[in-house]
Structures are given as C-alpha cells and as structure tokens.
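Below is one structure; the comments refer to it alone.
In the numbering used here, the protein residues as written are 47 to 279.
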C-alpha cells in the first residue's frame with residue numbers, strides 16, 4: 047500500500063483515465079451526472095487549498111456543474127493536484143468546517159471522497175471497479191470517524207470496536223483491541239462502500255457482532271458527510 051499522498055495521485059489519475067476512456071460513448075444524462083460528481087470533488091479540493099493557504103473562506107466554494115465533461119475532468123484534476131501537493135508538505139492543522147484536521151487525516155478524507163465519487167462514476171457508467179490496497183487509507187478514515195454516525199442519534203459508545211478487514215490483496219487489516227465485545231468484519235472494500243453510503247448493508251459481506259456494532263451499521267445510512275454527500279445524492 048502506498049502512502050496516502052501517493053495514493054491520491056494514482057487514484058485520481060485512474061479515475062480520470064476511466065472517464066476519458068468512456069467519454070465518447072456516454073449519453074447526455076450520464077455525462078451530466080459525472081460532471082456533477084467531478085464538480086463536488088473540485089469543491090472539496092478547493093476547500094483544502096483555501097484552508098492550507100490560510101483563507102478564512104475555506105467553506106465558501108460552491109458547486110457548479112456546467113460545461114463539458116472533458117473540461118470538468120481538467121478543472122477537477124487541477125484543484126486535486128494542488129490540494130494533494132499542499133497536503134503532502136503541510137505541517138500545521140488545517141482549518142475545516144468540522145474543525146481543524148491534521149494534514150494526513152485530511153488527505154485520507156480526500157481519498158475517501160475520491161473513493162465514493164469514483165464509485166458513483168462507475169455506477170452511472172455501469173462498469174465494475176477493480177479496487178486495490180489503497181483502500182486501506184479509506185478504511186482507516188472510516189474507523190477513525192466512527193462516532194460521526196451517531197450525530198443526532200444519541201451518544202456514541204464509550205468503548206472501542208474491533209475491526210477485522212480483508213484487503214483486496216488478501217492481507218488482513220486489524221484495528222482496535224482484540225478483546226472488544228463489538229466487532230465489524232469483512233472485506234475492506236465492502237466496509238468502505240458501507241460507511242460512505244454507496245451500498246446497503248444487505249448487499250455487502252460486512253458482519254457486525256455486538257449490540258453497539260449492529261446499531262452502528264443500522265445508523266450508517268443516515269450519515270451525511272459533506273465530503274461525499276450533497277444535493278446530488
């Protein structure tokens with residue numbers, strides 16, 4: 047697995063290549079949908095750039111999805127590359143609408159947004175994605191932000207969960223204490239699709255053991271994280 051900054055480069059290039067490979071064959075509604083998803087990613091990247099550069103308006107960019115698909119790809123890649131470069135060299139916490147974030151954590155958050163919107167693009171194109179172990183950074187972000195699921199639904203559990211996830215390569219990733227009574231197990235990709243709301247639990251091979259873990263899975267569909275959800279969803 048590459049470091050998160052390298053993963054941001056390779057995964058963005060892979061998504062851009064995927065779109066360009068199908069650009070000449072997509073119908074207008076599909077093209078508009080993809081342009082909208084890219085606009086969302088562009089706004090996220092722009093917010094990061096503004097935050098790193100010390101702009102007070104880090105939450106100010108607005109989504110616009112007008113224009114041709116090819117132009118949308120170029121606009122997104124430009125902002126994404128700026129954000130990636132700045133995150134790789136930043137040392138101070140970065141202002142963010144939900145509170146300051148460490149550069150490495152915000153990089154994982156950006157990769158999570160890329161994972162989610164990349165899935166959206168693949169879904170509207172009707173093609174499967176072949177995921178790699180870079181999804182480990184996304185899984186880490188999902189574990190780290192577990193408690194966001196409970197917003198508006200009472201207090202999160204005080205104890206840790208145990209996560210036992212299987213990488214696309216077959217490697218096992220484990221987070222949390224081995225003796226935790228609540229655990230979540232399954233393929234890492236399925237876990238990421240679940241916590242980003244791209245698939246329902248019933249359609250995934252993710253198992254929850256323990257009352258709190260089961261409740262977490264039940265609450266996930268209501269989660270609205272602006273990194274990967276918007277009026278488009």
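In this text, a Cβ means the ideal position worked out from N, Cα and C, and glycines have one as well.
Annotation for residue 158: 184, 187 place their beta carbon closer than 6 Å to its own, counting only its chain and skipping 5 residues before and after. Only residues of its own chain outside the window of five on either side were considered, and among them 210, 211, 212 have a CB closer than 8 Å to the CB of residue 218, listed in chain order. In the displayed model, residue 191 falls within coil according to three-state DSSP, outside both helix and strand. Here the alpha carbon of residue 66 sits roughly 43 Å from the alpha carbon of residue 258. Annotation for residue 220: the continuous beta strand (DSSP E) segment containing it runs 218-221. Within the stretch 132-172, the complete alpha helix (DSSP H) segments of 4 residues or longer fall at 149-171, listed in chain order. Shown here for residue 153: same chain residues with a beta carbon closer than 7 Å to its own, the five before and five after excluded, namely 50, 51, 54, 133 in chain order.
For the pair residue 199 and residue 83, the Cα-to-Cα distance works out to about 29 Å. Pairwise C-beta distances place the stretch 224-238 out of contact with the stretch 117-127, as fewer than three of them are shorter than 8 Å.
Under DSSP, the beta-bridge partners assigned to residue 233 are 212. Note that the C-beta distance between residue 115 and residue 88 is not below 8 Å. Taken through DSSP and simplified to helix, strand or coil, residue 85 comes out as helix. For residue 253, the enclosing beta strand (DSSP E) begins and ends at 253-255. The residue among 215, 220, 201 with its C-alpha nearest the C-alpha of residue 208 is 220. Judged by DSSP in its simplified three-state form, residue 175 adopts coil rather than helix or strand.
Bounds of the alpha helix (DSSP H) holding residue 58 are 50-68.
For residue 264 and residue 74, the gap between their C-alpha atoms comes out near 36 Å.
Each of 197, 93, 225, 253 was checked against the Cα of residue 234, and the nearest Cα belongs to 253.
By a beta-carbon distance limit of 8 Å, residue 57 contacts residue 180. Their separation comes to about 6 Å.
Under the three-state reduction of DSSP output, residue 276 falls in the coil class, being neither helix nor strand. Residue burial is scored here from C-beta neighbours: residue 135 has fewer than 16 other C-beta atoms within 10 angstroms and is therefore classed as exposed. Distance from the CA atom of residue 182 to the CA atom of residue 140, rounded to whole angstroms, is 23 Å.
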